[in-house]
Every structure is written in C-alpha cells, then in structure tokens.
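Read left to right, the sequence shown gives residues -4 to 245 (my numbering). All C-beta atoms, glycine included, are put in the ideal place defined by N, C-alpha and C. Working notes, structure below.
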Amino acid sequence: MQGDEMIAPGPWAIHIRKLPFRAARQGDILQGEYLGALHGMSNQREPCLGHGVDWTARQFQQQMNDSLPRVEAAVMQVVGQQNEPQCTMCQRQFGTFSHCVSVRGINGLSACANCHWAQQDALCQYATFAPSAARPGDGGTLGRSPNLPHQRYGIIRHMQESFWLAGKHMDLTDELMVVWERSQSLEAQLGALQPGQTDANTAITTNGKPMEQTLHDIRASQQELRLGIVRCTMLAKEIYGPYPDLRPPL
C-alpha cells in the first residue's frame, strides 16, 4: 500500500468504495454533497500511502471513520485522475497519499485528494473557485455579468485566504501543542518501562501484551507523533510562505 508506482485497483479500492465508515452514511443515506457523485465513478487505482505514512490497515480505517473529508479524499484517490505536474503540497510529500489525484466535473471538489484530506483545498493549485455573483442593489450591478471584475475578485479572494490562513495557523498551533504533550507523556512511559526490559520476553503488561511488544508500540507511536510535529511545523511555514506579513513567529 506504499510506493510511487501506479497500482491497479485492489482490495483497498474495493473496501473504500463500499464506504464502511461512520462518517459516510446515516443508515443508507450517503452524507455530504460529493459522495453520491464520487460513488458513481469507476475505479482507477489502488490508493498508496505516501512516504513516512506508516499506518496499519486498522489505523488507516480509523483515520477515515469519523471524518467525511477524509472519506471523500480516499474515494477521490481511487477514482480520480493523476495530476501532472503535482501540486506544491504533493511535490513536497506533505500528503497522505503518494499520488496527486483530482476528480473532474464535480462542482466544488477541484482540489487534489491530499489537500482535501487535510481540509486545505484553498492551498491546492488545482482548486478553482467561482467568483461571487453580484447582488441586486450593489451600485447598479443588476443586469450586468454576474462575475465580479477580475481585479476586484482577486482582492476579495486574497482577503478570504488571509482570514482562512490566520484561523488555520491557530488550529495547527493547537494541534502541535497536543501532539507534543502526548509525545512527552509517551517518553515518560517509555522511561518507566525500560528498567524491566530484561524480562521482556516473559513479562506481561496490564494490556495483556509482552513488555517487548508494548515498548515497540510506544516507540512506534512516539515516532508517529514526532513526525506529526514536523509536519505541523512545515505546513504552517508552507501556508504562510506567500504571506510573510501574516506569519506569526513559529
């Protein structure tokens, strides 16, 4: 499930298309505005995880269970078309999947699957946004073209992105602090377990696993958390790259 090669649709493509995720359905009703259209498309590839994303099958399933955007992104990865060139986020291997893939013809869903998974559609070079329609009473604009002039629209979009970026940085900072605190807690647990490691082959911990396996699980979780810290920091810098005046100190 990892690698850069294009793999024909396989077991994960089939599994994802069944939509066995809590966020995807309410009874028999598909949730959100995109799953219905995505579900009608044909499989193109097996989803492959990107470099550094070392999830087990169970962990991958858990990542999608309660997140509709992630379910949508996984289906996009299976049914979409590969982008050439890749968007900046995919080129820098910030994404969950190894391929930069988008779907065509679904209004409002133009960003690639990796950016949609991270709910960062506005940062994707493949995202397109229709200009707002003019409202009646706006200085005699009634009866003119519903599209705002290009320059005016550019200013409005810049302002919208600026506000979005400010909020996104706050979210990333909060996430970074939570991840760091969890990492520190795991380090403390690891230190407490190490004195008894000589009996690791026979000792059983409270969770029913051999101590050696518990130590391995803690180290793996700690490595994943530290990778999350690096990604959060790099992503914050990437977001504010075009907007140095908005960038808070990291």
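Does residue i pass the burial test, meaning 16 or more other C-beta atoms within 10 Å, or should it be called exposed?
i, result
"residue 86", "exposed"
"residue 111", "buried"
"residue 93", "buried"
"residue 123", "exposed"
"residue 51", "exposed"
"residue 19", "buried"
"residue 57", "exposed"
"residue 176", "exposed"
"residue 214", "exposed"
"residue 75", "buried"
"residue 257", "The first residue shown for the chain is -4 and the last is 245, placing residue 257 beyond what the model contains."
"residue 72", "buried"
"residue 183", "exposed"
"residue 54", "exposed"
"residue 84", "buried"
"residue 81", "buried"
"residue 24", "exposed"
"residue 8", "buried"
"residue 59", "buried"
"residue 11", "buried"
"residue 17", "exposed"
"residue -1", "exposed"
"residue 109", "buried"
"residue 187", "exposed"
"residue 6", "exposed"
"residue 42", "buried"
"residue 79", "exposed"
"residue 115", "buried"
Going by DSSP, which residues form a beta bridge with residue i?
i, result
"residue 20", "25"
"residue 89", "According to DSSP, residue 89 bridges with nothing at all."
"residue 97", "76"
In the DSSP assignment, find the unbroken alpha helix (DSSP H) run with residue i in it and report its ends.
i, result
"residue 55", "52 to 60"
"residue 67", "63 to 74"
"residue 257", "Any property of residue 257 remains undetermined from this structure, which presents the chain solely from -4 to 245."
"residue 46", "No alpha helix (DSSP H) contains residue 46, which DSSP labels as neither H nor E."
"residue 110", "108 to 112"
"residue 12", "6 to 12"
If I'm right that residue i touches residue j with Cβ under 8 Å, what's the distance once you round it to whole angstroms?
i, j, result
"residue 98", "residue 33", "7 Å"
"residue 90", "residue 47", "Contact flag wrong, Cβ pair sits at about 10 Å."
"residue 4", "residue 38", "4 Å"
"residue 63", "residue 27", "5 Å"
"residue 29", "residue 67", "5 Å"
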